[in-house]
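First up is the structure itself, then whatever we jot down about it.
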Amino acid sequence: MSVPTGSPHPAASSRIQPKLGGAAASGAAAGSGPGPSPHQQNGPAQNQMQVPSGYGLYPQNYSVPPGHYAQGPGKMTSLPLDGQFGDYYAGLYTASTQNVVTPKTTNQPPGAQQMYGRGPPAPHLVGSTPEYFQGATSSASALHTSDSQPYSSFVNHYNSPAMYSANSSAVSQGFPSTCGHYAVSTVSNAAYPSVSYPSLPAGEPYGQQMFTSQNASTIRPGRDNSFSSQNTALSHPSPLPPPPSQQYHQQQNLSGYSTPSWSASGLPSTQDNLIRNHTGSLATANNNPTNTVADSLSCPVMQNVQPPKSSPVVSTVVSGASSARSPPTANHLIDPVASVTQPSELLQQKGVDSSSTTSSASPLPNSYDALEGGSYPDMLSSSASSPAPDPAPEPDHAPAPVPTAPQPSKVAKPFGYGYPTLQPGYQNAAAPPISGGQPSNPVYSGFQQYGQQYPGMNQLSSSLGGLSLQSSVQPESLRPVNLTQERNILPTTPVLAPVPNLNLDLKKLNCSPDSFRCTLTNIPQTQVLLNKAKLPLGLLLHPFRDLTQLPVITSNTIVRCRSCRTYINPFVSFIDQRRWKCNLCYRVNDVPEEFMYNPLTRSYGEPHKRPEVQNSTVEFIASSDYMLRPPQPAVYLFVLDVSHNAVEAGYLTILCQSLLENLDKLPGDSRTRIGFVTFDSTIHFYNLQEGLSQPQMLIVSDIDDVFLPTPDSLLVNLHESKELIKDLLNALPNMFTNTRETHSALGPALQAAFKLMSPTGGRVSVFQTQLPSLGAGLLQSREDPNQRSSTKVVQHLGPATDFYKKLALDCSGQQTAVDLFLLSSQYSDLSSLACVSKYSAGCIYYYPSFHYTHNPSQAEKLQKELKRYLTRKIGFEAVMRIRCTKGLSMHTFHGNFFVRSTDLLTLANINPDAGFAVQLSIEESLTDTSLVCFQTALLYTSSKGERRIRVHTLCLPVVSSLADVYAGVDVQAAICLLANMAVDRSISSSLSDARDALVNAVVDSLSAYGSTVSNSQHSALIAPSSLKLFPLYVLALLKQKAFRTGTSTRLDDRVYAMCQIKCQPLVLLMKMIHPNLYRIDRLIDEGAIHVNDRVVPQPPLQKLSAEKLTREGAFLMDCGSVFYIWVGKNCDNNFIEDVLGYPDFASIPQKMTHLPELDTLSSERARSFITWLRDSRPLSPVLHVVKDESPAKTEFFQHLIEDRTEAAFSYYEFLLHIQQQICK
């Protein structure tokens, strides 16, 4: 039967995920140094480099005084012997370089468009070593609360071998095997042909720095019910690497890809506590899922019917029954070998030159793991050294009225003091002959020998001598705070990230805390010391955030360590002009010839001044060596619910209008493709092929065996079919106006979307308004409204079916991410639906009680968030790897992604609003180094079809005393990591266990610190200044929707809050956990900041307590995704009239969601401040004006964390409870 356009059609469910947009920015590189210098100097040793404070744009020219090559964060002093091991790759591969005209330096303003890149023609020697792949593993942390488990298990589990469940939740992910090699074109500037600074939206350049801290030493036994993890650090064998002469002949066996076939029975269960198997292989979808569908189009069951002439869309009904076709289902699988690996013979036939463009390229890549560059066998893991015995506790002293802080550690010896004479991997090698000839060891016969050290190579950098925390004045971060007596612990200004205790030069070069933060800015030397501190160790990342300044490197040579594949960065050390030592594995590498030239200074022989070594955040334009297939176009598919509930909610009008307004702003190029699918009890496809006079609707009614009626015309070129697309968007809101179809076939619609997107990958935006009720993935209501206020058991936090998780893994394998928009007034089982986004690297948007007319604030919120979603920056086919200094290891990741190996995350899409977290452990003692480094590399395809690599590098000092560990606590990073762990515990165990573990995290850390403070009174609750906000933040977390009990909380609301915790970057997550409260009826310009042409007041922060509220004032609360303005009953009428636009308090309406634009100074100040708070947020906050004594104030008062509620402690009561637990 045919359905003409405009006629009522059975309704369907839909949901859409916002699109990624945004812009990338750039920063400038360093200039040349003054005068000739006989010595060279790298990043860490530049103790007099003139770089502006902060993390903003570097000036193009600044002076670097003559210096020597300094020891970087390596474990040993530089010896001539190092060099002989760095060159045995050089002769194996060579690559030509291009002749480039040397640029003439010109004076340009900061932020000018620039490109760093090619140097003068010179031979380019590059090498390569085999890549080895480790099995996929990672899991959400399981939080343990057994009575026998001490809090020390929070970190003790880092040392234990990994336990893998046979019933794994994630398996190895295959990737398409097609290998294309497109040359990436270089956009050059006349003045600077190799560095690009694309302009970006304005934003803060980087973060501001704060003062650092210091340290403490001894502990008490751990508490029960503390965080632990059932998924422990991986324990890999550490085979000795073969000699260089043999390495190139070894066969690569990729773990997790040896299975030739895959059955549906191997799908992981959802009830596995998120423990991922590292040996399984994942099914990948057929790249041609419609191989037999074309024949069905000629069958009589499909009829084209012309609708009335007034209808803009032609409808076609496609019967589900057809014996002539046998389309694969969504679970149809192919041989993973075909989609993941390629025979080396085939690659050789394609003429792959693994060293043609990168000095560190790997041999013949066959997966993204190999392309980005995994660790080598000797670097993947190392056997943990035996833990040192606990130092004897300090003797108890007689109590004194005032506690004193623990003493910081003694002055550190100069960097490099007492280091082994040889790097661990080279200690068995023969010493160099005095004559400078070839080494006598036949295994290393190909190594070059340096007969003479580079001048100054043995002199250790004095600039690293400031790593000690010793000071004549006790650091503020170690000042003891009596929490029960000091009432005003909340600062009046926003809490900034602590600045690592590094010398000034390294501080300037370090990564912005907005992109990369560690919970401890002073890394303990051993796991034993970390256990004593009872603090979590982990990283918080925001890798793809919008930047105003981002150096873009277009050089042919991407310099990387040949062993661990680390990208060269400011924290490596240059032994001489020709060699550099990796700051993660300490291997000595050659400096490629092209890297010797600096296009900004037009100088040669100064590799330490290259932008890669002057900026901790850079982005490389990658070559075809970093591709498995040619870059695909940006593809956007919208899957829309058009059931009766959806039509009544009215979201289609907002969505279609937003798409029409932003169609030309969708990230992409001339190849961008777009498609639409709608669904109710059937699935509707839309043929938008160029040449049609109007869109054609094709209806598939067989939802049990979904197929694509016309595969080639459902995703169309955006520019070629723009008019048809606009016609469809104008018609869609009215096409289903009279529908009475109440069912939702979401699962089959997603299966169809998967088949449609499989050949290219891309982004699927799904809009859903109710519980799926038909076909695969149908769900039943599991919520009991009577249990919403339960103080005991909160059930159904996990998925009811594994259908959506399996589908997400299939989508991830085909480079497709699914974004979910849930607009529902009733329970929709978000805990099950969210899996489709969690495991495909998508994102989730939630609009409870959405209605176009009845809830206008939600409608406005959707409109604003869609605008950012559709226009923000997006990356496709991404993988992210995190590397760290040898001795550290990662064991648990948090965020929306699929974990593909021990340190590789698969991200079908990456957006600038996505945050990640990772837990760390210390496997080996770090006593041989003073610095540790972390590096994250994000390899992605831009919407313009460029393959890019964004690299962030963070450097932190290593400390040996407990006092130093406490001095460097980043309390906000720690609370965000604990929040992620608590979400996992809630799902794997129970909400009550997670709450107990959070409380005991406070008890254990303060107990451990208290035992190190001499003369402390047992009746006092003492914390170092660095941890003084820890109890307050944990209490705030316990009162957050995700973890609160005793307060009526809808199950979907709770689950969405948990989803936000897992994927929000730290800055936004902290506002969600602990809102900011400001008094706004007395805003003044004193202390204001200037943003663009606006003057933005900066009122002081207030305690989240009713005692700070006064009925004579008005207060603004910023909760991240919602703003409240509370107006006191006796508030000044001048403020009410000048800001709210009403003559007096009684005139203010009960529901007010906007501030009028009034021509008064008070109005301008208030609107300027609120607009400033709103800017650059992915979720547009809804504003609610709340009158004192109105019913709406209940939600406002629930965010006053420090006050008591019926089911939760006040802040003071919580402190007394903590103190009682410590004294037990």
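Those letters in the sequence shown? Residues 215 to 1438, per our numbering, in order.
Think of the CB as a built atom: it goes at the ideal place given N, C-alpha and C, for glycine as much as any other residue.
Specify, as a first and last residue, the run of the alpha helix (DSSP H) that residue i falls within.
i	result
Gly1027	Phe1017 to Gly1027
Asp941	Lys936 to Met949
Asn829	Where Asn829 is concerned, there is no enclosing alpha helix (DSSP H), given that its DSSP letter is neither H nor E.
Met1195	Val1185 to Ser1202
Val1281	Leu1280 to Ile1287
Gln1412	Lys1407 to Gln1412
Ala836	Counting along the chain, Ala836 falls outside any alpha helix (DSSP H), and DSSP gives it neither H nor E.
Asp919	Asp919 -> no alpha helix (DSSP H), and no H or E assigned at all.
Leu854	Not the alpha helix (DSSP H): Leu854 falls in the beta strand (DSSP E), residues Val849 to Asp855.
Thr867	Tyr865 to Asn876
Which residues share a DSSP beta bridge with residue i?
i	result
Gly1089	Ile1124 and Ser1156
Asp212	Only positions 215 to 1438 of the chain appear in the structure, and residue 212 is not among them; the question remains open.
Leu1397	Phe1337
Asn931	Arg887
Trp1386	DSSP output for Trp1386 lists no bridge partner at all.
Asp1332	Asn1290 and Phe1337
Leu174	Absent from the structure is residue 174, since the part of the chain shown begins at 215 and ends at 1438.
Inspect the beta-carbon positions of residue i and residue j and report whether they are closer than 9 Å.
i	j	result
Gly1089	Cys1277	no
Lys1075	Ser1394	yes
Leu912	Ser935	no
Leu1387	Thr1367	no
Asp1043	Asp1267	no
Phe1359	Val1341	yes
Leu1283	Gly1334	yes
Arg776	Leu753	no
Ser872	Leu1084	yes
Asn876	Val1172	no
Gln1412	Lys1158	no
Ala966	Val849	no
Gln846	Gln1029	yes
Tyr865	Thr983	yes
Tell me which residue opens and which closes the beta strand (DSSP E) that residue i is part of.
i	result
Ala1031	Thr1030 to Ser1038
Ser787	Ser787 to Asp790
Gly752	Gly752 to Leu755
Ile1136	Phe1130 to Ile1136
Ala1237	Ile1236 to Pro1238
Arg209	This structure does not reach residue 209, given that the chain is present from 215 up to 1438, and the question cannot be answered.
Ile1442	The shown model of the chain, from 215 to 1438, leaves out residue 1442, and the question about it has no answer.
Lys212	Nothing about residue 212 can be reported from this structure: the residues present for the chain run from 215 to 1438 only.
Looking at the C-beta of residue i, does it have a partner C-beta in chain D at a distance below 9 Å?
i	result
Ile1189	The question asks about chain D, but that chain is absent: this structure has only one protein chain.
Inset, instruction - Just list the beta strand (DSSP E) runs in the segment 951-1014, keeping only unbroken ones of 3 residues or longer that don't cross its boundaries, in chain order. - result: Segments of the beta strand (DSSP E) lying fully in the segment 951-1014: 976-982.
Inset, instruction - Note down, one range per segment and in chain order, each alpha helix (DSSP H) of at least 4 residues found wholly within the segment 889-914. - result: Those alpha helix (DSSP H) runs which fall completely within the segment 889-914 and span 4+ residues do not exist here.
Legend entry - Given 8 Å, three or more beta-carbon pairs between the segment 929-949 and the segment 898-911: Proximity of the segment 929-949 to the segment 898-911 meets the contact definition, three or more beta-carbon pairs being nearer than 8 Å.
Inset, instruction - Scan the segment 1244-1268 and note each continuous alpha helix (DSSP H) run of 4 residues or more that stays entirely inside, going in chain order. - result: 1244-1252
Inset, instruction - Report yes or no: do three or more beta-carbon pairs, one from the segment 1308-1315 and one from the segment 1369-1376, lie closer than 8 Å? - result: no
Legend entry - At least 3 beta-carbon pairs within less than 8 Å: the segment 705-722 vs the segment 1147-1167: no
Legend entry - Cβ contact (3+ pairs, closer than 8 Å) linking the segment 1184-1195 and the segment 1239-1247: yes
Legend entry - Validate contact between the segment 884-903 and the segment 1104-1118 using beta carbons, cut 8 Å, 3 pairs: no
Legend entry - the segment 765-784 in contact with the segment 828-847 per 3-pair CB rule at 8 Å: yes
Legend entry - the segment 1017-1024 in contact with the segment 1046-1062 per 3-pair CB rule at 8 Å: The segment 1017-1024, when compared against the segment 1046-1062, does touch it at the 8 Å Cβ threshold.
Inset, instruction - Check whether the segment 1149-1161 touches the segment 1092-1102, taking contact to mean three or more Cβ pairs, one atom from each stretch, closer than 8 Å. - result: yes
Inset, instruction - Jot down the residue ranges of each uninterrupted alpha helix (DSSP H) in the segment 1039-1100, minimum 4 residues, whole runs only, in chain order. - result: 1044-1047, 1049-1052 and 1070-1085
Legend entry - Cβ pair count under 8 Å reaching 3, the segment 854-873 against the segment 971-988: yes
Inset, instruction - Flag this pair as touching only if the segment 765-775 and the segment 797-809 have three or more C-beta atom pairs under 8 Å; answer yes or no. - result: yes
Inset, instruction - Tell me, please, whether the segment 809-818 touches the segment 1141-1148 by the rule of three or more beta-carbon pairs shorter than 8 Å. - result: no
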